[in-house]
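In the working numbering, the protein residues as written are -14 to 482. For reference, the structure discussed in these notes is given below.
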C-alpha cells in the first residue's frame, strides 16, 4: 500500500508539472506583452540593439515572476485535478480509501516549498531585477528616436535644426529638394540652406552627422545695430555652392546608462532588511517631528499654565496639593485701555497665526514622512502576501478542479482568471486604502488573503465530502422541483386546469 501511495504521489507531481510549466510561460508571456504594449511608444523607433532589447526583456520577465506564479499555480491545480476528476481517476483513488488531503499532500508540500522560493525570489532577486529594468527603461525613454527623415515632413529630431526633403531614393539613399533651417542661435529662421540633392552619413566615431549637399545655396541674415529706426534695410549674405558638407553634432541618440544608485531608494528595489531599516528610520523621524511640535508649543507662555502661575524655583507639587488660579479673563481685558486692548488683540492674533503656520508646516512635513513610511510597510507585506497567495490559490484550484471535473484550458482558464481578478481587485483596493491611511498596511495588504483563504478552506471541505457544488444536474433538478411546485400551486388555486 505504501508503494502504491508513493507511485500515486509521483503520478500527481508529474501531472502537475506539465500544466504548471505551460501556464507559467503563458502567463509570463501575456504580462510581458501587456507591459511592452503599454510602453510601445517609448521603445519603437529608438534604434535599440538586440542585446539591449534582450537585457530589458530578461529583467522585465524576472520582475513579473511574483505576480505570474500564483495565477500559474491556480490554473495548473485546476487543470490537474479537473483531468483526474473528468476521467474518474480521482474517484478510483477515493474508492481505494485514500482521502483527498492525502492525494493532495505531495502537491501541498511542493507548493509550500514554492511559496518559500517565491519569498526568497521577491527578497533577493526581484529588487535587483526591478532596479535593472527601471533604470534601463529610464535610459531608453531619454534616448532620442533613430534618425529618419520622411518625405515632405519637417524633421525636428536634431536639436537646433529643422530639415525637410521632397523625395528620397531608397536604393541609393539620395535625397532631393533639401531644406535645412539652422536655429542654433535661437533667433528664428536667419540661416537657411537649400540644395537640389544630397546624402547623409554618420561619422566613424558616431558623434557627427555628415550632410553632403550638391547644387545649392545658403542664406544668412546678418544682424546689425541700426541707429536709425527709419532704416528698413536688412543686410544678408547669400552663398552659392556646387558641393557643401555640414557637420551636425549628434547628442542624445546613443543610449547613455544612468547610475543605478539613483534608483536604489525606491521601495520596490529593496530587500526586506533594507525596508525594515528605512521603516525604523522614518518612525524615528516622525516621532521627532511630533515631539518637536509638542515641545515648541508647550514652551510658549500662553500654552503652559504652569509657567503663568508657578513662582520661580517652585518645586513640582502633587496633584492633590495643586490649585489653579481662578481668573476672569474678560474682566481683566475690560480694565485695559482701548490702545492696550488693540495691542493685546494684535499680539494674540500674530501669535495664533504663527502657531498655526508652525503646526501646518509640521503637519506637512510629518505627512510626507508618513506617506513614505506607508510605502515601505506596504512593500514589506507585499513580499509575504504574494508568497502566501501561492498557497491560497492552490487550495482554491485543487478542490475546485475536483468538483467541476473539467480539465484542459477551457473551463479552468475562465475560473482561474475570475478568481485572479477578484484577488487582484481586492489587493489593489486594500493597498490604495493603506496608501491613503484609511487602513493599516497590515490589514490593507492582507485583505485579499483574509477573504480568499476561507473560500479555499470551504472548497476543500466541499470537495472532501464529494459535494455536488458544480454539478449542473443538481441545479437542474432543483429548478425542476421549483417549477413543479409552482405548477401545483397554480392548479390548486384554479389558475391552471
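Cβ coordinates follow ideal geometry from the N, Cα and C atoms, glycine included.
Measuring alpha carbon to alpha carbon, tell me which residue in the options is nearest residue i.
{"i": "residue 232", "options": "146, 34, 257", "result": "146"}
{"i": "residue 510", "options": "197, 179, 261", "result": "In the structure displayed, the chain extends from -14 to 482; residue 510 sits before or after that span and is not available."}
{"i": "residue 103", "options": "393, 446, 371", "result": "371"}
{"i": "residue 228", "options": "18, 36, 181, 95", "result": "181"}
{"i": "residue 119", "options": "42, 2, 258", "result": "42"}
{"i": "residue 386", "options": "128, -8, 1", "result": "1"}
{"i": "residue 248", "options": "123, -7, 63, 25", "result": "123"}
{"i": "residue 64", "options": "105, 260, 396", "result": "396"}
{"i": "residue 161", "options": "358, 188, 187, 200", "result": "200"}
{"i": "residue 369", "options": "29, 254, 427, 10", "result": "427"}
{"i": "residue 445", "options": "389, 10, 176, 259", "result": "389"}
{"i": "residue 85", "options": "442, 257, 465", "result": "442"}
{"i": "residue 205", "options": "7, 402, 189, 175", "result": "175"}
{"i": "residue 202", "options": "185, 166, 332, 401", "result": "166"}
{"i": "residue 359", "options": "437, 409, 251, 8", "result": "251"}
{"i": "residue 26", "options": "222, 276, 128", "result": "128"}
{"i": "residue 190", "options": "277, 234, 171", "result": "234"}
{"i": "residue 87", "options": "-9, 346, 447, 155", "result": "-9"}
{"i": "residue 113", "options": "246, 440, 177, 328", "result": "246"}
{"i": "residue 429", "options": "151, 448, 408", "result": "408"}
{"i": "residue 125", "options": "157, 46, 150, 21", "result": "21"}
{"i": "residue 186", "options": "157, 394, 177", "result": "157"}
Spatial neighbours of residue i within its chain, please: C-beta separation below 7 angstroms, excluding the five flanking residues on both sides.
{"i": "residue 398", "result": "60"}
{"i": "residue 115", "result": "48, 253, 254"}
{"i": "residue 141", "result": "147"}
{"i": "residue 257", "result": "108, 365, 368"}
{"i": "residue 188", "result": "195"}
{"i": "residue 39", "result": "none"}
{"i": "residue 106", "result": "50, 51"}
{"i": "residue 57", "result": "5, 8, 9, 12"}
{"i": "residue 273", "result": "none"}
Just verifying my parser: in three-state terms, what is the DSSP assignment at residue i?
{"i": "residue 387", "result": "helix"}
{"i": "residue 205", "result": "strand"}
{"i": "residue 160", "result": "strand"}
{"i": "residue 274", "result": "helix"}
{"i": "residue 171", "result": "coil"}
{"i": "residue 295", "result": "Interpretation of residue 295 is limited by its pLDDT of 49, a score under 50 that renders its predicted location unreliable; no figure is taken from the coordinates."}
{"i": "residue 446", "result": "helix"}
{"i": "residue 186", "result": "strand"}
{"i": "residue 196", "result": "strand"}
{"i": "residue 255", "result": "coil"}
{"i": "residue 224", "result": "strand"}
{"i": "residue 166", "result": "strand"}
{"i": "residue 423", "result": "coil"}
{"i": "residue -12", "result": "In this prediction, residue -12 scores a pLDDT of 49, lower than 50, which makes its location untrustworthy; the coordinate-derived value is nonetheless stated afterwards. Three-state DSSP puts residue -12 in a helix."}
{"i": "residue 322", "result": "coil"}
{"i": "residue 394", "result": "coil"}
{"i": "residue 290", "result": "Its pLDDT being 48, under 50, residue 290 is placed unreliably in this model, and the coordinates cannot settle the point."}
Quick one: residues in its chain with C-beta nearer than 6 angstroms to the C-beta of residue i, no 5 flanking neighbours on either side, listed in chain order?
{"i": "residue 168", "result": "145"}
{"i": "residue 302", "result": "Confidence in residue 302 is poor, its pLDDT being 49 and thus under 50, which makes the residue's placement unreliable; the coordinate value appears in the next sentence. The answer is none, since no qualifying residue turns up."}
{"i": "residue 354", "result": "267, 270, 271"}
{"i": "residue 70", "result": "387, 390"}
{"i": "residue 336", "result": "none"}
{"i": "residue 295", "result": "Because the pLDDT of residue 295 is 49, which lies under 50, any placement of that residue in the model is unreliable, and the question is left without a value."}
{"i": "residue 23", "result": "none"}
{"i": "residue 299", "result": "Low confidence applies to residue 299: its pLDDT is 49, below 50, so where it sits in the model is not reliable enough to give any reading."}
{"i": "residue 263", "result": "361"}
Looking only at its chain, what residues have a beta carbon closer than 8 angstroms to the beta carbon of residue i, apart from the 5 residues adjacent to it on each side?
{"i": "residue 468", "result": "none"}
{"i": "residue 4", "result": "60, 61, 64, 65"}
Is residue i near the ligand GTP, with its Cβ less than 8 angstroms from a heavy atom?
{"i": "residue 441", "result": "Absence of the ligand GTP from the depicted structure is noted, as is the absence of any ligand whatsoever, leaving it without description."}
Using a Cβ-Cβ cut-off of 9 angstroms, state whether residue i counts as contacting chain D.
{"i": "residue 94", "result": "Among the chains of the structure shown, chain D does not appear; only one protein chain is present."}
At which residue ranges does the stretch 78 to 164 contain complete alpha helix (DSSP H) runs of 4 or more residues, listed in the order of the chain?
As far as the stretch 78 to 164 is concerned, its whole alpha helix (DSSP H) runs of at least 4 residues are 85 to 105, 111 to 127.
Meets three-Cβ-pair contact criterion under 8 angstroms: the stretch 9 to 20 and the stretch 41 to 55:
In this structure the stretch 9 to 20 touches the stretch 41 to 55; the number of beta carbon pairs closer than 8 angstroms is three or more.
Count the CB pairs spanning the stretch 401 to 417 and the stretch 85 to 98 that are closer than 8 angstroms, and state whether there are at least three.
Taking one beta carbon from each stretch, the stretch 401 to 417 and the stretch 85 to 98 have fewer than 3 pairs nearer than 8 angstroms; the two do not touch.
Are at least three pairs of beta-carbons, each pair with one atom in the stretch -3 to 4 and one in the stretch 32 to 49, less than 8 angstroms apart?
The stretch -3 to 4 makes no contact with the stretch 32 to 49: fewer than 3 CB pairs, one atom from each, lie closer than 8 angstroms.
Between the stretch 67 to 78 and the stretch 335 to 351, can you find at least three pairs of beta-carbon atoms closer than 8 angstroms?
Contact between the stretch 335 to 351 and the stretch 67 to 78 is absent: fewer than three C-beta pairs spanning the two stretches fall below 8 angstroms.
Any 3 or more C-beta pairs closer than 8 angstroms across the stretch 376 to 383 and the stretch 355 to 365
Contact between the stretch 376 to 383 and the stretch 355 to 365 is absent, because fewer than three Cβ pairs lie under 8 angstroms.
In chain order, which alpha helix (DSSP H) runs of at least 4 residues are fully inside the stretch -8 to 65?
25 to 28, all fully within the stretch -8 to 65.
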